[in-house]
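Protein chains in written order, with our numbering: chain A, 1 to 276; chain B, 277 to 557.
Cβ atoms here follow ideal geometry from the backbone N, Cα and C, with glycine treated the same way.
Computed from a predicted model, the values in this text were never measured in an experiment.
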Amino acid sequence: MLAGLRTPARDAAGPSPLSARHAEVFTARNLSKVFGDEQPYIALDGIDLVIRSGEFLCLLGASGCGKSTLLNLLAGFEKPTSGELLYRGREIRGPSKDRVMFFQDANAALLPWQTVQQNVEFGLRLQGLLYSERHERAEECLELVGLVEHRHKVPSEISGGMRQRLQIARALAVDPDVFLMDEPFGALDAITRRRMHGALLDVWQRTQCTIVFVTHDILEALVLADRIAVMSTGPGSHIAHLVSVELDRPRHPGDPCLGQHFEELEGFLHTTALSA
Amino acid sequence: MASISGLDPTSEGVVAAASSPRRWLNARWRARLRRFGLVLVSLTLGLAAWEAVSLWVFGPFLIPPPQAVVQAFIPMSASGELLHDALMSLSRVFVGYAAGGAVALFLGLLMGRIRLFNDLADPILDFMRFLSPTAMIPIAVVWFGIGELAKYALVFWATIFIVLISTVAGVVRTPRIRQNAALCLGASQAQIFRLIVLPSAVPHIVVGLRLALASAFVSIIPAELLAADSGLGYLLQQSSLLQQTDRIFVALVMICTIGFCADRLFQLITGTLLRRYLAVT
Numbered sequence: 001m002l003a004g005l006r007t008p009a010r011d012a013a014g015p016s017p018l019s020a021r022h023a024e025v026f027t028a029r030n031l032s033k034v035f036g037d038e039q040p041y042i043a044l045d046g047i048d049l050v051i052r053s054g055e056f057l058c059l060l061g062a063s064g065c066g067k068s069t070l071l072n073l074l075a076g077f078e079k080p081t082s083g084e085l086l087y088r089g090r091e092i093r094g095p096s097k098d099r100v101m102f103f104q105d106a107n108a109a110l111l112p113w114q115t116v117q118q119n120v121e122f123g124l125r126l127q128g129l130l131y132s133e134r135h136e137r138a139e140e141c142l143e144l145v146g147l148v149e150h151r152h153k154v155p156s157e158i159s160g161g162m163r164q165r166l167q168i169a170r171a172l173a174v175d176p177d178v179f180l181m182d183e184p185f186g187a188l189d190a191i192t193r194r195r196m197h198g199a200l201l202d203v204w205q206r207t208q209c210t211i212v213f214v215t216h217d218i219l220e221a222l223v224l225a226d227r228i229a230v231m232s233t234g235p236g237s238h239i240a241h242l243v244s245v246e247l248d249r250p251r252h253p254g255d256p257c258l259g260q261h262f263e264e265l266e267g268f269l270h271t272t273a274l275s276a
Numbered sequence: 277m278a279s280i281s282g283l284d285p286t287s288e289g290v291v292a293a294a295s296s297p298r299r300w301l302n303a304r305w306r307a308r309l310r311r312f313g314l315v316l317v318s319l320t321l322g323l324a325a326w327e328a329v330s331l332w333v334f335g336p337f338l339i340p341p342p343q344a345v346v347q348a349f350i351p352m353s354a355s356g357e358l359l360h361d362a363l364m365s366l367s368r369v370f371v372g373y374a375a376g377g378a379v380a381l382f383l384g385l386l387m388g389r390i391r392l393f394n395d396l397a398d399p400i401l402d403f404m405r406f407l408s409p410t411a412m413i414p415i416a417v418v419w420f421g422i423g424e425l426a427k428y429a430l431v432f433w434a435t436i437f438i439v440l441i442s443t444v445a446g447v448v449r450t451p452r453i454r455q456n457a458a459l460c461l462g463a464s465q466a467q468i469f470r471l472i473v474l475p476s477a478v479p480h481i482v483v484g485l486r487l488a489l490a491s492a493f494v495s496i497i498p499a500e501l502l503a504a505d506s507g508l509g510y511l512l513q514q515s516s517l518l519q520q521t522d523r524i525f526v527a528l529v530m531i532c533t534i535g536f537c538a539d540r541l542f543q544l545i546t547g548t549l550l551r552r553y554l555a556v557t
């Protein structure tokens, strides 16, 4: 099953797993994004960031700082105004199934008229896979997120946490290289969110995909990320700090090491907010 | 087991009281029965008020009482003239509505998807939609005569704007997120239209079609009043000329009945065929 979940892009990136693991997935150089012509709003200004293969990177910042804008650029939904943005060495021209985006609003993202199983099969159906193939694959992915017994329900019949796991399963089915997640667990209660962190880390470790995760929750970033990119408050937002979190997983919120990082990050957020 | 039930006698007592033998129907059936009863009471009250107004306020000529309407209804239905007029009206509504709905759906999907087309068509349509079907009767008679085509055209007119506006709204309001999610999963524009936009727009389209159905029934009567030799509107017009108020009331009740049944049928069909698309929050 693991072999089946590997991505062609990663295999193509290098012959040995080691070199593939350190390949640059995203390269942003002096990236900026301006919205509107008559009354331009500079959302991002001078973003420099390298995201490596297999990395779990959190974009941390206050609301409206441009985290989602950056994520939309990475996905290819938006085009940069200036600067360079590469995905595995190539310019991003539009959305692709190598980079699957995740949304907080699962109701809008999923297909409410289809069953859980059909939702997972959706991406495979787009590729024209035969019923038997996609059925088997969907079942694998549902098993990975623990939704097999709910496969005949429709999204409105399952809980918010299950819907987010369904989004994960749907993404897994198309075998993406990168998960782009826009505050995916923001609408969940604290207990469910903790459980989702575990599920996500589990999937990440199994598939070795790259994850870019947007959040405004310091603790969430600390529990999940290899590195945390703190963004300054907009307009003209940039990456103010990059923090490596070299702690073993699973990480517990009560861990004093986490507490130290927490204070450091809170200080960063505070100063970026003041300077804006 | 005995000891367990012995430990908690109070909760058992509560359960027993809640399911007392007086409650001989479950909650769902009781709710249905209540609704049905209220409909009966409402209709009875309406008939009584009708009777009272007829007898004591306006007199049986201006407002024939219910039994007079029934007396007029029997020969009219026995001779087949009522059925004939009702079927004529129905067929006109059906043809005009189907044509108007189909054209509106086609244009609406196009307008919702192609920005330039929308920007070009919207101002004109927004301007013209203030012409009611009644306002179009005189020119429709000049263009199409007093034959069937004129009636089809008027019902078409009554249908098209409502379906068009709701279709465009349905297409435009397809969640951006849902389309983006599909793009990430490798969907082409054609696939997004067919598999995302169309199903997402179904609730809006169905609401538009239902409103337009009522509009179609409303519009056929004036069209037949002014220029027709059959149909319920024609029946109204003739009865009015001959001062047969009881026959007028038969026609009026008939219009309500047909419209009501058509609406229920519409809901039944869409509710069955499109259930999974309509049950969307």
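Anticipated Cβ contact below 8 angstroms, residue i with residue j, distance rounded
| i | j | result |
| --- | --- | --- |
| proline 176(A) | cysteine 141(A) | That pair is no contact at about 12 angstroms. |
| valine 203(A) | leucine 144(A) | 6 angstroms |
| alanine 416(B) | alanine 429(B) | 5 angstroms |
| threonine 443(B) | glycine 384(B) | 3 angstroms |
| serine 365(B) | isoleucine 496(B) | 5 angstroms |
| glutamate 264(A) | valine 243(A) | 7 angstroms |
| valine 245(A) | isoleucine 218(A) | That pair is no contact at about 11 angstroms. |
| glycine 377(B) | alanine 488(B) | 7 angstroms |
| glycine 234(A) | glycine 36(A) | 14 angstroms between Cβ atoms; not a contact. |
| glutamate 84(A) | leucine 31(A) | 7 angstroms |
Beta-ladder partner(s) of residue i, from DSSP
| i | result |
| --- | --- |
| histidine 241(A) | Val230(A) |
| isoleucine 415(B) | Paired residue(s): none; isoleucine 415(B) is not in a bridge. |
| arginine 29(A) | Glu84(A) |
| valine 178(A) | Arg99(A) and Thr210(A) |
| isoleucine 51(A) | Phe26(A) |
| tyrosine 41(A) | Phe35(A) |
Assigned secondary structure, residue i (DSSP; H/G/I helix, E/B strand, else coil)
| i | result |
| --- | --- |
| serine 96(A) | coil |
| arginine 21(A) | Low confidence applies here, because arginine 21(A) scores a pLDDT of 47, under 50, leaving its location unreliable and the question unanswered by this model. |
| aspartate 217(A) | coil |
| glycine 46(A) | strand |
| cysteine 58(A) | strand |
| phenylalanine 77(A) | coil |
| phenylalanine 334(B) | helix |
| arginine 151(A) | coil |
| glutamate 91(A) | strand |
| isoleucine 496(B) | helix |
| valine 145(A) | coil |
| serine 464(B) | coil |
| serine 159(A) | coil |
| threonine 435(B) | helix |
| glycine 267(A) | helix |
| aspartate 105(A) | coil |
| cysteine 257(A) | helix |
| cysteine 532(B) | helix |
| tryptophan 326(B) | helix |
| cysteine 65(A) | coil |
Buried versus exposed call for residue i [16 or more other C-beta atoms within 10 Å across all chains shown]
| i | result |
| --- | --- |
| threonine 548(B) | exposed |
| histidine 270(A) | exposed |
| threonine 320(B) | exposed |
| aspartate 182(A) | buried |
| lysine 79(A) | exposed |
| valine 431(B) | buried |
| methionine 404(B) | exposed |
| valine 333(B) | exposed |
| arginine 29(A) | exposed |
| isoleucine 438(B) | buried |
| histidine 360(B) | exposed |
| glutamate 500(B) | buried |
| glycine 61(A) | buried |
| glutamate 121(A) | buried |
Close-in-space but distant-in-sequence residues of the same chain around residue i (CB under 6 angstroms, 5 per side omitted)
| i | result |
| --- | --- |
| isoleucine 211(A) | Phe56, Phe179 and Trp204 |
| arginine 454(B) | Ile472 |
| valine 478(B) | Leu550 and Tyr553 |
Partners in chain D for residue i, counting only beta-carbon separations shorter than 8 angstroms
| i | result |
| --- | --- |
| arginine 99(A) | Absence of chain D from the displayed structure is noted, the protein chains being A and B. |
Own chain residues within Cβ distance below 7 angstroms of residue i, not counting five before or after
| i | result |
| --- | --- |
| proline 112(A) | Val154, Pro155 and Ser156 |
| arginine 137(A) | Leu124 and Ala173 |
| leucine 70(A) | Leu44, Ile47 and Leu59 |
Sequence-distant residues of its chain with Cβ nearer than 8 angstroms to residue i (five each side left out)
| i | result |
| --- | --- |
| valine 329(B) | Ile339 |
| leucine 407(B) | Trp433 |
| proline 103(A) | The sequence given here has phenylalanine at residue 103(A), not proline. Cβ within range, chain order: Ala109, Gln167, Asp182 and Pro184. |
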